[in-house]
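Protein chains in written order, with our numbering: chain A, 1 to 309; chain B, 310 to 618; chain C, 619 to 927; chain D, 928 to 1236.
There are 4 protein chains.
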Amino acid sequence: MAMTGVLRPGHAQMRVLDLEESVKFYSDVVGLVETGRDKQGRVYFKAWDERDHNSLIIRQADKPGLDFFAFKVDSKATLEKLDADLIAFGVKTERIPAGELLETGERVRFPIPTGHVIELYAEKTDVGNGQPYVNPEAWIPAAEHGIAPTRFDHGLLYGPDIDGAREIFEKVLGFYVVERIVLEDGKTDLAIWLSCSIKAHDIAMVRHPEPGKLHHVSFLLESWEKVLRAADLMSINRVKIDIGPTRHGVTRGTTIYAFDPSGNRFETFCGGTSGYPDQQPIKWTMEDVGRGIFYHDRALNDTFLSVVT
Amino acid sequence: MAMTGVLRPGHAQMRVLDLEESVKFYSDVVGLVETGRDKQGRVYFKAWDERDHNSLIIRQADKPGLDFFAFKVDSKATLEKLDADLIAFGVKTERIPAGELLETGERVRFPIPTGHVIELYAEKTDVGNGQPYVNPEAWIPAAEHGIAPTRFDHGLLYGPDIDGAREIFEKVLGFYVVERIVLEDGKTDLAIWLSCSIKAHDIAMVRHPEPGKLHHVSFLLESWEKVLRAADLMSINRVKIDIGPTRHGVTRGTTIYAFDPSGNRFETFCGGTSGYPDQQPIKWTMEDVGRGIFYHDRALNDTFLSVVT
Amino acid sequence: MAMTGVLRPGHAQMRVLDLEESVKFYSDVVGLVETGRDKQGRVYFKAWDERDHNSLIIRQADKPGLDFFAFKVDSKATLEKLDADLIAFGVKTERIPAGELLETGERVRFPIPTGHVIELYAEKTDVGNGQPYVNPEAWIPAAEHGIAPTRFDHGLLYGPDIDGAREIFEKVLGFYVVERIVLEDGKTDLAIWLSCSIKAHDIAMVRHPEPGKLHHVSFLLESWEKVLRAADLMSINRVKIDIGPTRHGVTRGTTIYAFDPSGNRFETFCGGTSGYPDQQPIKWTMEDVGRGIFYHDRALNDTFLSVVT
Amino acid sequence: MAMTGVLRPGHAQMRVLDLEESVKFYSDVVGLVETGRDKQGRVYFKAWDERDHNSLIIRQADKPGLDFFAFKVDSKATLEKLDADLIAFGVKTERIPAGELLETGERVRFPIPTGHVIELYAEKTDVGNGQPYVNPEAWIPAAEHGIAPTRFDHGLLYGPDIDGAREIFEKVLGFYVVERIVLEDGKTDLAIWLSCSIKAHDIAMVRHPEPGKLHHVSFLLESWEKVLRAADLMSINRVKIDIGPTRHGVTRGTTIYAFDPSGNRFETFCGGTSGYPDQQPIKWTMEDVGRGIFYHDRALNDTFLSVVT
């Protein structure tokens, strides 16, 4: 009842071309907190205000991109139930044992028709947000180390069958569509924004011929002024900005898209409306898609539909 | 699964001493949108960005205060289930027929041990937020008429048995505690902040000898700069400010408390952390209660524990 | 002593292609206050917080651009002295009688080597900022009508001999250089930003083959959030944005460049450092010119050096 | 011509009760940059974005307060001229030799009828703002060390004969009155705000029986969000806040008043209108003095007229 089942994006594992360069980038520029390294050489990060042990994991690879994207569920019982529900829905799941990721419980892993690997898990060690659970302060110095988002917020996945993926998220995992872009035929979705909470989106997808592609992972900032600060820090650190600071029409959130040293796009996002499952989704049509994506430019930039990892 | 059951604070009915003065106040100073009046003479308002027909109802009375505070649930089936669950839990419920409040479905009404009347309902007419559901703008002129909060956010109730009320909210309605203030004995709660979503609070309660008292109803603003604008508008309109602009330690939200012409306190609130039900509640102790409530002054003002309606 | 002589940009007269469309644009979108129309058909505006009768004058013409750009001086004695100084410096001046522009005293008009017409004047009727001079409020509703800048801030002129123009501004009018962009030869200025106060710039110039060209007139906003609001209003009103919201490296100010219906570029500008005449100018070199102009993109856009009116 | 003569508040020397505690306070909490110590044991600070060597000097003493408050003038010639003008006006001046304060040229020192010591000087070593004069960044890490104001902005002095002091500032030093509070008699000033530039105030004075008292020195912040950040840092560091965050009616600036460990009040100030010498001063009357000083509370707090050092 109320907030149950799938809670939020929990972790994403991404591939980077040069591990140490990327560790430096995610630590000092993005301003995440490194929380551990495992035997495989993977490096774990969390946003400063997150309490669970990790939300971003990076590993060195030949090409950039996303290995998997995971959601935390509210209990082990829910994890079992959702695994059973997925199987009943015809989704092939597998179990990844507890501890395969540091400080993380057993995971249920499954492919979705966009070609991405999604995971569910119920347990990740509470390492705190650098403050006591009794009489904390409003924030700590880590809130100003680098861009310093408060949390890993959502991801935007590119792949072919977003209708099939949507069915799984809606019918099995309890997500609902908050906004969508509809193609000229008036019925096919070009893009969908899905929430499992009251966030404007916990996951989003764009129809795209290549499977399993990542458009961006997104980190939350607290204000439009923090978005300016993030843009400044990107310039100071010579980070390639894709677009921004600007606003999205979809979600109304303010945003910067930029690239990590491996070419993975990330977003620093702020605001956005609240969604609720009883609310009618907002629809965008192709004649206004530019304004829907980039509210001020009112046009897609060259990279929006083409550059993914 | 995910966001179900009780969704959010839906409406509150408040008593005012002079109806037309209050209509003017809530319309032009607070900047709510008047959406209707009923045969009983009650006046209905919504925040500009809300889509349901009403969230604040005022009626003329001899003394100010709160008649009832209601939550919207996700479906009629949930409404039936929660009614049954409440009865099974020993709560005495009654049904208010659809239409008794304008554009609102059947309500389940029940008392809680703090002496307040709570309601649940599943249906309220979607009148939109002044924009189409296709290709909307980021905001409309109503977003700048008066203080213009985006939504009715939460309420703070004062009454004697907050433990009993908490049990109902947690065990029957699916809320969870996000933060609490604990008295010197280390176990009795002076105050609790409860969420049914990922908001820092959907309802809060303070232990208080008199039953059924209202500390404040709260409206959401989008930024700290909007909080300044609200304070300016309060001054321009000679609205009595209780405290603020400032920050709360609890929830970290920024805030102004002020009074409507009848003496009902209202809050213009911004930000606040997200809560999640898997997260350990934050505890405040009495030696830091001042900082918990008013983060900058680090002391309660005279009115916080004493002035209620 | 202290703040004397030339005080600030006082008025600019611009050409527009369709007068009534432009009046509507400058009134309702930019949010200036129309203060009068004269027998020639010119329309006068001021920013809401300015006290003098006008700061922008528009007239219908076959092509857009700037007729003249004027500075207010502190007294008629100064006006006489500066006229004499200009003549002594070899500048050819003429007098425009009081009243030729509404509510404006006698003007001293002269050409500068960039091909622009500059004016000085000492008197313009104080019509107030919509508030009494006794016990005013912090702002009034006009502060939220359209983009609603607080003042006409500066202009950027394009023309060939910026060195000659600079001499006049520095040696006769008491301006000083705050920042400059130096060409690859290490000595020729591509652009200069000049102040007669402690503003980051009261006038700026870029070296350009065509004489008398206008890059933009600039209006001041009070915060980065107002810059976002301006960008939103530009989108809502389908105003063509050239670039922004972003930051300039030069001056550090935040900015949007956009075009009026006639193609004249205007800026909504915020912040910017304070300059002082005892401070060493900041120099930008050609390898960093992109970052100097557009701090986040770190590259000039296509229009910066080419689109002028 | 334009910006000449007296340029700005240059330095203030203050007395503190415990030097090292105060050094820590001004360095780490206020976030000034320590730039030197002299043989007398005085410690020198500048705000991060100031270029001159020092703007605040503290020395250990038995009681807190202000030793002297100084303005920088544009040249040695101006210094000589103003000294002569002061003497001609009947002010008794003395010369403090160059080097008596670190990296500071010769000073002209004189008493004013409020009982304060004022200084003028023309030279202070440019030590830069931590950035090169060629192709700088928008800001540096020092901009986020502690409260980190960008500059020493102004001071508010309490003393008996503010009329006499005003005469010197207006008639000799070229200041002008921007705003004033007039007592019930309609002519006597309770307080005056004076500018030598286009700032809302470079110095202010309140009529008060005791001579030579300091109400506060003020440091400039860049945004209302930085004011919130300052208030947060004051709480995190348990700094005693007098009032704020709030807005002044006078100047419209946003503000926090707080106390250093010795009881000296300081302000973190943001915004404020621009003044110009051709503009009519704004007058506040005693029935609105509360709103003039603290725009939101619309009442003076207990300490405003009584707590000075």
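Note that the Cβ used here is the ideal one computed from N, Cα and C, for glycine as well. In this text, all values refer to a predicted model and were calculated from it rather than measured experimentally.
With a cut-off of 8 Å on the beta carbons, I'd call residue i and residue j a contact; round off their distance for me.
i, j, result
"Asp569 of chain B", "Ser331 of chain B", "7 Å"
"Pro9 of chain A", "Phe152 of chain A", "6 Å"
"Pro149 of chain A", "Ala47 of chain A", "5 Å"
"His201 of chain A", "Val178 of chain A", "6 Å"
"Lys1008 of chain D", "Pro1038 of chain D", "That pair is no contact at about 20 Å."
"Leu56 of chain A", "Ala122 of chain A", "Going by Cβ atoms, the distance from Leu56 of chain A to Ala122 of chain A rounds to 19 Å, so no, they are not a contact pair."
"Ile203 of chain A", "His154 of chain A", "6 Å"
"Val1234 of chain D", "Cys1197 of chain D", "Going by Cβ atoms, the distance from Val1234 of chain D to Cys1197 of chain D rounds to 22 Å, so no, they are not a contact pair."
"Asp394 of chain B", "Val481 of chain B", "5 Å"
From the DSSP output, read off the bridge partner residues of residue i.
i, result
"His834 of chain C", "C:Leu774"
"Arg351 of chain B", "Arg351 of chain B pairs with nothing; no bridge assigned."
"Gly374 of chain B", "B:Arg324"
"Gly314 of chain B", "Its beta-bridge partners do not exist; DSSP assigns none."
"Lys381 of chain B", "B:Arg317 and B:Tyr430"
"Asp1187 of chain D", "Its beta-bridge partners do not exist; DSSP assigns none."
"Gln588 of chain B", "Its beta-bridge partners do not exist; DSSP assigns none."
"Gln987 of chain D", "D:Val943"
"Arg964 of chain D", "D:Val970"
"Thr873 of chain C", "C:Thr864 and C:Phe887"
"Asp435 of chain B", "B:Asp361"
Tell me the residue span of the beta strand (DSSP E) that contains residue i.
i, result
"Thr1212 of chain D", "Ile1209 to Thr1212"
"Arg95 of chain A", "Glu94 to Ile96"
"Ile545 of chain B", "Note, Ile545 of chain B: premise wrong, no beta strand (DSSP E); alpha helix (DSSP H) at Trp533 to Ile545."
"Arg1218 of chain D", "Segment Val1216 to Ile1220 is the alpha helix (DSSP H) holding Arg1218 of chain D; no beta strand (DSSP E) there."
"Gly553 of chain B", "Ile550 to Arg556"
"Ala809 of chain C", "Asp807 to Ser813"
"Ala204 of chain A", "Ile203 to Arg207"
"Tyr794 of chain C", "Tyr794 to Val800"
"Val108 of chain A", "Arg107 to Pro111"
Under DSSP, the alpha helix (DSSP H) around residue i begins and ends at which residues?
i, result
"Gly1074 of chain D", "The sequence shown places Ile at residue 1074 of chain D, rather than the Gly named in the question. Careful: Ile1074 of chain D lies outside any alpha helix (DSSP H) and carries neither H nor E."
"Glu21 of chain A", "Leu19 to Lys24"
"Ala702 of chain C", "Lys694 to Ala706"
"Ile162 of chain A", "Ile162 to Glu167"
On the CB-based measure, 16 or more other CB atoms within 10 Å of its CB, does residue i come out buried or exposed?
i, result
"Pro97 of chain A", "exposed"
"Gln631 of chain C", "buried"
"Glu519 of chain B", "exposed"
"Gly473 of chain B", "exposed"
"Glu409 of chain B", "exposed"
"Val1061 of chain D", "exposed"
"Lys39 of chain A", "exposed"
"Arg247 of chain A", "buried"
"Gly777 of chain C", "buried"
"Thr872 of chain C", "buried"
"Arg942 of chain D", "buried"
"Thr273 of chain A", "buried"
"Thr622 of chain C", "buried"
Chain B contacts made by the segment 831-863 of chain C, where a contact means CB separation under 8 Å: Ser841, Glu843, Asp850, Ser853 and Ile854
Which of the residues in the segment 748-768 of chain C, read from start to end, lie with their CB under 7 Å from any CB of chain D? Tyr751, Val752, Asn753, Pro754 and Ala756
Closer than 9 Å between beta carbons: that is the criterion. Which residues of the segment 1176-1194 of chain D meet it against chain B? Gly1176, Thr1181 and Ile1183
Quick one: which residues of the segment 601-615 of chain B get their C-beta closer than 7 Å to a C-beta of chain D? List them in chain order. Tyr604, His605, Asp606 and Arg607
When Cβ atoms are compared, which residues of the segment 715-736 of chain C fall closer than 8 Å to chain A? none
Taking beta-carbon pairs under 9 Å, can you tell me which members of the segment 1077-1104 of chain D lie near chain C? Thr1077, Arg1078, Val1099, Leu1100, Gly1101, Phe1102 and Tyr1103
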